[in-house]
Structure formats: C-alpha cells, structure tokens
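Trainee: Each residue of the sequence shown is one higher than the one before, counting from 0 in numbering that gives the first Met the number 0.
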Amino acid sequence: MMLTHQKLVIKEVVHVVRRNADLRTQVRYQGVPDSEIPLIPSELDPYQRKFICTHGWSERERSTGKRTSHNLLRTFCPFQMLAQVTKKPDGT
C-alpha cells in the first residue's frame with residue numbers, strides 16, 4: 000500500500016439506531032417484543048463501517064472541467080471491506 004499510495008477510507012456508516020429500526024420493521028419481527036429481537040446496544044455505535052480503497056473512488060462532477068490539472072489516480076479498485084459488531088462466543 001505504501002508503493003501505490005493507497006489508503007482505506009470509510010465510505011459508508013450504518014449506525015445502531017438505523018440497524019435496530021430496520022430489524023423492527025422486518026415482517027418476521029412484527030408484533031414481537033424488543034426483548035426477543037436481536038438488537039444491538041446503543042453504546043456499540045456504529046454498527047457497521049464500509050471501507051474502500053481510494054483508487055476505487057468514483058469521479059466527482061465538476062462544473063465545466065476547464066481546469067484539467069486535477070487528475071485522480073483511479074484504477075476502479077474493487078476492494079471493499081465491511082467491519083461489523085459481532086457477539087463473542089461467550090455471549091458478550
């Protein structure tokens with residue numbers, strides 16, 4: 000990564016509030032009390048982060064494009080990594 004000047008950046012974040020709200024709206028959890036839904040505690044925010052390589056960024060739209068000296072090294076790198084909160088085998 001040092002030779003190619005790549006960096007991993009956060010592209011998207013899913014917060015615990017959104018994840019828990021999505022679970023509550025699912026059909027299988029309709030009418031089920033919160034104690035039976037696998038909700039994530041709010042202190043573990045954020046629930047999920049999506050990392051991408053800086054070479055995978057899409058091009059931003061810029062006005063008329065008259066200044067051409069601003070070039071990005073885009074290689075359309077397909078790298079993506081999801082980091083999620085998980086439960087340990089001991090239940091914590």
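Here a beta-carbon is modelled for each residue, glycine too, at the ideal position from N, C-alpha and C.
Being a predicted model, the structure only gives us computed values, none of them experimental.
(1) Skipping 5 residues on each side, what residues in its chain have a beta carbon closer than 6 Å to that of residue 10?
(2) Alpha carbon to alpha carbon, what distance is there between residue 13 and residue 81?
(3) So is residue 36 buried or exposed if we call it buried at 16+ other beta carbons inside 10 Å?
(4) In its own chain, which residues sit with a C-beta less than 8 Å from the C-beta of residue 5, not counting the 5 before and 5 after it?
(5) Is the shortest distance between the beta-carbon of residue 26 and the beta-carbons of chain D less than 8 Å?
Mentor: Based on what the coordinates show:
(1) Residue 10 sits at position 11 when you count from the first residue of the sequence shown. Cβ neighbours of residue 10 beyond the five flanking positions: 49 and 51.
(2) Locating residue 81 in the sequence shown gives position 82, counting from the first residue. Locating residue 13 in the sequence shown gives position 14, counting from the first residue. Straight-line Cα distance between these residues: approximately 11 Å.
(3) By one-based count along the sequence shown, residue 36 stands at place 37. So residue 36 ends up on the exposed side.
(4) Looking up residue 5 in the sequence shown gives position 6. So the list reads 52, 53, 54 and 76, once near-sequence residues are dropped.
(5) No chain D appears in the structure shown, which is made up of a single protein chain.
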